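K.L.:
In our numbering, the protein residues as written are 697 to 993.
Laid out in structure tokens, this is it:
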């Protein structure tokens, strides 16, 4: 679908953030360029070296690829935002520099985005090599995101996707500098009923050492999911909390009233009242937050 005359020209800008990826970057870029040339679309490949301490930057052919550099390591999301700011075309693709993602699937993502705002390579193929240490956290995050968005998300934070520039620009102010940028744009798109399509892909063992910190990054992802849902769909959080507080007030109130009648305990009137009032306040705050979020859309 061509861009409007006032928008960026139709084509694909591929952004590759990299941090100490000297072992894989040349192979990744060569394969990516061959694949893009075969699509017939105008394209550019933007490599963002995020403060690498090795020879990553020196191995990039700047006559074929655009190289942008951060003096220090600012984070995965920061590197993607730097690349997007320099991108020329109406489609933004992101991928990794470690050889994990199958770039030959990008044509399928391009076909999928003809009917969508974002096309995601979902790591649900026959050969998916996600480290065992990351699987429990990935499962928990996936179930939480499914509940809060009200839809099944095959892959919440895949790093291989094609995004319409309009979608990127609309929510860029929410994007963090860390690994959770992909989670943020997925949640922002789904909670605002944007069209997201998924293409099954394989996921290969990475070349080099992973930059993911399982515990810290998982806690950060949970905070991020709650923050984004509070921003776009707050009743998904406030309503269940209000119901729990209300039920707690009923159980404690009725239970202690029965025990008082039997002469075994005193009626907990203060606790019951506080829980009941808290449930009403939580519901009221949620309704107000929901109204604000809808007025901002």
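In this text, a Cβ means the ideal position worked out from N, Cα and C, and glycines have one as well. If you're wondering where the values come from, they're calculated on a predicted model, not measured in any experiment.
1) Where does the unbroken beta strand (DSSP E) through residue 766 begin, and where does it stop?
2) Spell out a yes or no on whether the segment 740 to 750 and the segment 814 to 823 are touching, meaning 3 or more CB-CB pairs, one atom from each, closer than 8 Å.
3) So residue 896 and residue 985 are in contact, right, with Cβ under 8 Å, and what is the actual spacing, rounded?
4) Under DSSP, the beta strand (DSSP E) around residue 814 begins and ends at which residues?
5) Could you tell me whether the segment 747 to 763 touches the segment 858 to 868, using the rule of 3 or more Cβ pairs below 8 Å?
6) Less than 8 Å between C-beta atoms, sequence neighbours within five positions excluded: which residues of the same chain meet that for residue 933?
7) For residue 723, which residues in the same chain have their Cβ closer than 7 Å to its Cβ, ignoring the five residues on either side in sequence?
8) What residue does the beta strand (DSSP E) around residue 726 start on, and which one ends it?
9) Can you give me the C-alpha to C-alpha distance between residue 703 and residue 784, rounded to a whole angstrom?
10) Which term fits residue 856, buried or exposed, when burial requires 16 or more other beta carbons within 10 angstroms of its beta carbon?
11) Please report how far the alpha carbon of residue 717 lies from the alpha carbon of residue 790, in whole angstroms.
12) Hey, out of 764, 749, 799, 755, whose CA is closest to residue 735's CA?
13) What are the residues that DSSP puts in a beta bridge with residue 896?
14) Can you list, in chain order, the residues of its chain whose CB lies under 6 Å from that of residue 710, leaving out five sequence neighbours each side?
15) Given that a residue counts as buried once 16 or more other Cβ atoms are within 10 Å of its Cβ, and exposed if not, what is residue 715?
16) Are at least three pairs of beta-carbons, each pair with one atom in the segment 885 to 901 and one in the segment 939 to 949, less than 8 Å apart?
17) Between the C-alpha atoms of residue 973 and residue 712, what's the straight-line distance to the nearest angstrom?
18) By Cβ distance, which residues of its chain are closer than 7 Å to residue 822, with the 5 residues on each side in sequence left out?
19) Considering only the alpha carbon of each residue, which of 956, 980, 957, 947 lies closest to residue 968?
20) Just confirm the distance between the C-beta atoms of residue 918 and residue 837, as a whole number of angstroms; I'd bet it's less than 8 Å.
21) In chain order, what are the residue ranges of uninterrupted beta strand (DSSP E) at least 3 long that sit wholly in the segment 866 to 891?
22) Between residue 867 and residue 881, how many whole angstroms is the CB-CB distance? I'm expecting something under 8 Å.
23) By the 10 Å Cβ neighbour count, where 16 or more other Cβ atoms means buried, how is residue 777 classified, buried or exposed?
24) If you count every other CB in all the chains shown that lies within 10 Å of the CB of residue 847, and 16 or more means buried, which is it?
25) Select from 820, 953, 975 the residue whose C-alpha is nearest the C-alpha of residue 965.
26) Which residues bound the beta strand (DSSP E) around residue 780?
27) According to DSSP, what are the bridge partners of residue 739?
P.N.:
So, from the listed chains and residues:
1) 762 to 766
2) no
3) Not a contact, Cβ separation roughly 36 Å.
4) 814 to 818
5) no
6) 844, 922, 925, 926, 982
7) 795
8) Where residue 726 is concerned, there is no enclosing beta strand (DSSP E), although the alpha helix (DSSP H) it sits in stretches over 721 to 735.
9) 10 Å
10) buried
11) 16 Å
12) 799
13) 818
14) 741, 789
15) buried
16) no
17) 51 Å
18) 898
19) 947
20) 7 Å
21) none
22) 6 Å
23) buried
24) exposed
25) 953
26) It is not in any beta strand (DSSP E) - residue 780 instead sits in the alpha helix (DSSP H) that spans 772 to 782.
27) 708
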